[in-house]
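I have placed the structure first, in the form of structure tokens, so that the comments after it can refer back to it.
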Amino acid sequence: MVRVLILGGGTAGLVAARYLKAEADRLKLNLDVTMVTASERHYMPPLFMEVALGSAEEHETWAPIKNAEKVYGFKVDIDRVTEIDLDNRRVKTESGKVYDYDYLFLGLGVEYDWDKYRGFAEYGYHNYTLEGALELRRALYSFRGRRIVIYVPETPHRCGIYPFEMSLVIRSYFEARGIEDIEISVLHPGEAPAKALGPTVSRFFQKEMEKARAKFVHHDGHVEITPDKVITKNVELEYDLLIKVPPIKIPKIMEFMADEKDLRWAKVKGPDFRYPGYDEVYIVSEASMPPLGLLTAGVPLHNAAIVSATSILHQVHGGYPVAEYAPTMCLGVGYRTGFTGNCEFHWNGEKYERTCYLLFKSPLIKEMKGAFYRGWLDSLRL
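The numbering of the sequence shown is this note's numbering, which starts it at 16 and goes up by one.
Structure follows, in structure tokens:
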């Protein structure tokens, strides 16, 4: 029997596990797929923004990952990983269990580096966790000030379009409450909104932000956050409410796998996301995407998990075709509308090159986006 151990029960881990199990069953392969995850909950983080805005509740943002055993047929153990021993192909957990493997898939996500910047941990709100979203909901509902600053200290971060979407939906949120006298600014290190997604998507956000009277302000680097001001190297913005986007880094349990060129990220080789020197080890998380030129969001991770899963199957079942990294379609929110964008990728031998563009926009996209998130979770609800 070939043992595939998947660490992490988020998007990447779930996609890889269900793909491997389904194909193993179809091909009648003797493949054992086991997932180990610290949380009993499989979250859909994009719904945290809806929680913050009052259009979703806590229970709508997650489903029990243990249900994947009945729905998809692979084994799920709820336990926290304490040691990863690559040389001996062994993983240990908090409960004392030891897992041996033939292939290891690391989908452990990233950690938020709240203490990286002066004043960042102390001030402001966010919706990058469920608890944070609930705090932001209370702050927005009770807000009686005028100036809202959405602050991005560095890129890339989780979900690159989030700060621009948030500026637009916040405008709609306050308009629905009859509150017009709100100044909204996005303080960002980029040169233009969503520039990484190409000129047409960037222009879409520029126009939408103009309609919503949300300002894009470029900064040259963080200096300090005070109780009422964000100070950067080239600009200072006063705020009455601060919404912050956290920096990300490789999880502590994986720090020994960090890329010496940038310790935030994992060392990884493409095109199939393997860890150098250990061809049986795959890393698919936001920590492995930037070194390969890829985006840090759910759909890119989904595609990466499929590439890695097919690479494993290629070795287990000789000749199984390894998937190319698929074009990545993005559904996003505008001001009273939505949009669909697409990114095409090409492996150049060292990293993925991308070409991104706007497909179309429609208010229906907002509904499609919400339906996709909820449908994903519903598949795990029995």
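Each residue gets a CB set at the ideal place from its N, CA and C atoms; glycine is no exception.
Check: Can you list, in chain order, the residues of its chain whose CB lies under 6 angstroms from that of Glu368, leaving out five sequence neighbours each side?
Finding: Position 353 of the sequence shown, counting from 1, holds the residue named residue 368. So the qualifying residues of the chain are His361.
Checklist line | Any non-hydrogen atom of the ligand FAD closer than 7 angstroms to Arg41 Cβ | finding: Here there are no bound small molecules, and the ligand FAD is not part of this structure.
Note to self: With a threshold of 7 angstroms on Cβ separation, who are the neighbours of Thr401 within its own chain once the five nearest residues in sequence on each side are excluded?
What the structure shows: An answer regarding residue 401 cannot be provided, because it is not within the stretch 16 to 397 covered by the chain.
Check: Apart from the five residues just before and just after Ser182, which ones in its own chain have a Cβ nearer than 7 angstroms to its Cβ?
Finding: Residue numbering aside, residue 182 sits at position 167 when the sequence shown is read from its first letter. Taken in chain order, the residues that qualify are Ile165, Ile199, Val201, Met224, Ala227, Ala229.
Note to self: Just to check my reading of the structure: Tyr114 and Leu20 have Cβ atoms closer than 8 angstroms, yes? What is that Cβ distance to the nearest angstrom?
What the structure shows: Residue mapping note: residue 114 aligns to position 99 of the sequence shown, counting from 1. Residue mapping note: residue 20 aligns to position 5 of the sequence shown, counting from 1. About 5 angstroms separates the two Cβ atoms, so the contact holds.
Check: Along the chain, where does the beta strand (DSSP E) that runs through Ile240 open and close?
Finding: The residue labelled residue 240 in the question sits at position 225 within the sequence shown. It spans 237-241 - the beta strand (DSSP E) in which Ile240 sits, taken as one unbroken run.
Next item on the list: Decide if Glu270 is buried, meaning its Cβ has at least 16 other Cβ atoms within 10 Å, or exposed.
Entry: As a first step, residue 270 is located in the sequence shown; it is residue number 255 there, counting from the start. Label assigned to Glu270: exposed.
Next item on the list: May I ask you to verify whether the stretch 325-341 touches the stretch 26-43, counting CB pairs closer than 8 angstroms and requiring at least 3?
Entry: yes
Notebook entry, point to check: If we ignore side chains and look at the alpha-carbon of each, how far apart do Val96 and Gly124 end up?
Noted result: Start at 1 with the first residue of the sequence shown, and residue 96 comes out as number 81. Start at 1 with the first residue of the sequence shown, and residue 124 comes out as number 109. The straight-line gap from Cα to Cα measures roughly 13 angstroms.
Margin query: Can you give me the C-alpha to C-alpha distance between Lys244 and Met16, rounded to a whole angstrom?
Written below: Position 229 of the sequence shown, counted from the first residue, corresponds to residue 244. Position 1 of the sequence shown, counted from the first residue, corresponds to residue 16. The alpha-carbon atoms of Lys244 and Met16 are separated by roughly 59 angstroms.
Margin query: Report the start-end ranges of each alpha helix (DSSP H) in the stretch 133-157 that is 4 residues or longer and not cut off at the edges.
Written below: 145-156
Check: Can you tell which of Arg105, Met344, Gly111, Asp196 has the C-alpha that lies nearest to the C-alpha of Ile93?
Finding: In the sequence shown, counting from the first residue as 1, residue 93 sits at position 78. Checked all of Arg105, Met344, Gly111, Asp196; the closest Cα to Ile93 is Gly111.
Notebook entry, point to check: Taking the continuous alpha helix (DSSP H) assigned at Phe189, which residues delimit it?
Noted result: Looking up residue 189 in the sequence shown gives position 174. Element bounds for Phe189: 177-191.
Next item on the list: Per DSSP, which residues does His203 bridge with? Please list them.
Entry: Start at 1 with the first residue of the sequence shown, and residue 203 comes out as number 188. The partner list for His203 (beta bridge, DSSP) reads His233.
Next item on the list: Leaving out five residues on either side along the sequence, give the residues of the same chain with a beta carbon under 6 angstroms from the beta carbon of Tyr188.
Entry: The count along the sequence shown starts at 1 and reaches residue 188 at position 173. Result list for Tyr188: Leu68, in chain order.
Next item on the list: Can you tell me which of Asp130, Val296, Leu35, Ala78 puts its alpha carbon nearest to the alpha carbon of Arg389?
Entry: Locating residue 389 in the sequence shown gives position 374, counting from the first residue. Taking only the C-alpha atoms, the option nearest Arg389 is Ala78.
Note to self: For a test of the three-state rule: what should DSSP assign to Glu98, helix, strand or coil?
What the structure shows: Numbered from its first residue, the sequence shown carries residue 98 at position 83. Here Glu98 sits in strand by DSSP.
Item checked: Cross-strand partners of Phe120 (DSSP beta bridge) -> Counted from its first residue, the sequence shown places residue 120 at position 105. The partner list for Phe120 (beta bridge, DSSP) reads Ile21, Tyr297.
Notebook entry, point to check: Is it a yes or a no for the stretch 262-282 touching the stretch 294-302, going by three-plus beta-carbon pairs under 8 angstroms?
Noted result: yes
Next item on the list: May I ask you to report which of helix, strand or coil DSSP gives His329?
Entry: Position 314 of the sequence shown, counted from the start, is the residue given in the question as residue 329. Note: His329 maps to helix in three-state DSSP.
Margin query: Three Cβ pairs or more, each shorter than 8 angstroms: is that satisfied between the stretch 229-239 and the stretch 101-109?
Written below: no
Item checked: Residues bridged to Trp391 (per DSSP) -> Taking the sequence shown and counting its residues from 1, the one referred to as residue 391 is at position 376. Answer is none; Trp391 lacks a bridge partner.
Margin query: Below 8 angstroms on the Cβ atoms is my contact criterion, and I expect Val66 with Leu149 to pass it. Report the Cβ-Cβ distance as a whole number of Å.
Written below: By one-based count along the sequence shown, residue 66 stands at place 51. By one-based count along the sequence shown, residue 149 stands at place 134. Contact holds; Cβ gap of about 7 angstroms.
Note to self: Less than 8 angstroms between the beta carbons of Cys24 and His57, yes or no?
What the structure shows: Locating residue 24 in the sequence shown gives position 9, counting from the first residue. Locating residue 57 in the sequence shown gives position 42, counting from the first residue. For the sequence presented, residue 24 should be read as Gly rather than Cys. Yes, Cβ-Cβ distance for Gly24 and His57 is below 8 angstroms.
Item checked: Status (buried if at least 16 other CB within 10 Å, exposed otherwise) for Lys85 -> Stepping through the sequence shown from its first residue, residue 85 is reached at position 70. The residue in question, Lys85, is exposed, as its Cβ has fewer than 16 Cβ neighbours within 10 Å.
Next item on the list: Consult DSSP for Phe89 and reduce its assignment to one of helix, strand or coil.
Entry: Here residue 89 refers to the residue found at position 74 of the sequence shown. Three-state result, Phe89: coil.
Note to self: If you follow the beta strand (DSSP E) that Leu256 is in, where does it begin and where does it stop?
What the structure shows: Start at 1 with the first residue of the sequence shown, and residue 256 comes out as number 241. Counting along the chain, the beta strand (DSSP E) containing Leu256 begins and ends at 256-259.
Note to self: Using C-beta distances below 6 angstroms, list every residue in its chain close to Glu98, excluding the 5 sequence neighbours before and after it, in chain order.
What the structure shows: As a working note, residue 98 is residue 83 in the sequence shown. Around Glu98: Lys107.
Checklist line | Three-state class that DSSP yields for Lys210 in the structure shown | finding: As a first step, residue 210 is located in the sequence shown; it is residue number 195 there, counting from the start. Correct three-state label for Lys210: helix.
Checklist line | Other residues of its chain near Thr26: CB distance less than 7 angstroms, five sequence neighbours each side excluded | finding: Residue 26 sits at position 11 when you count from the first residue of the sequence shown. Excluding sequence neighbours, Thr26 sits near Gly313, Leu316, His317.
Notebook entry, point to check: By DSSP, does Asp47 sit in helix, in strand, or in coil?
Noted result: Residue 47 sits at position 32 when you count from the first residue of the sequence shown. If DSSP states are grouped into helix, strand and coil, Asp47 belongs with the strands.
Checklist line | Minimum length 3: unbroken beta strand (DSSP E) runs contained in the stretch 336-388 | finding: 343-348, 353-362, 367-376
Note to self: Quick check: Ile197 and Arg153, are their CB atoms within less than 8 angstroms of each other?
What the structure shows: The residue given as residue 197 occupies position 182 in the sequence shown. The residue given as residue 153 occupies position 138 in the sequence shown. Not closer than 8 angstroms, so no.
Notebook entry, point to check: From Val48, Met344, Tyr177, pick the residue whose C-alpha is nearest to that of Ile258; which is it?
Noted result: Within the sequence shown, the letter at position 243 stands for residue 258. Looking at the Cα atoms, Tyr177 is the closest of the given residues.
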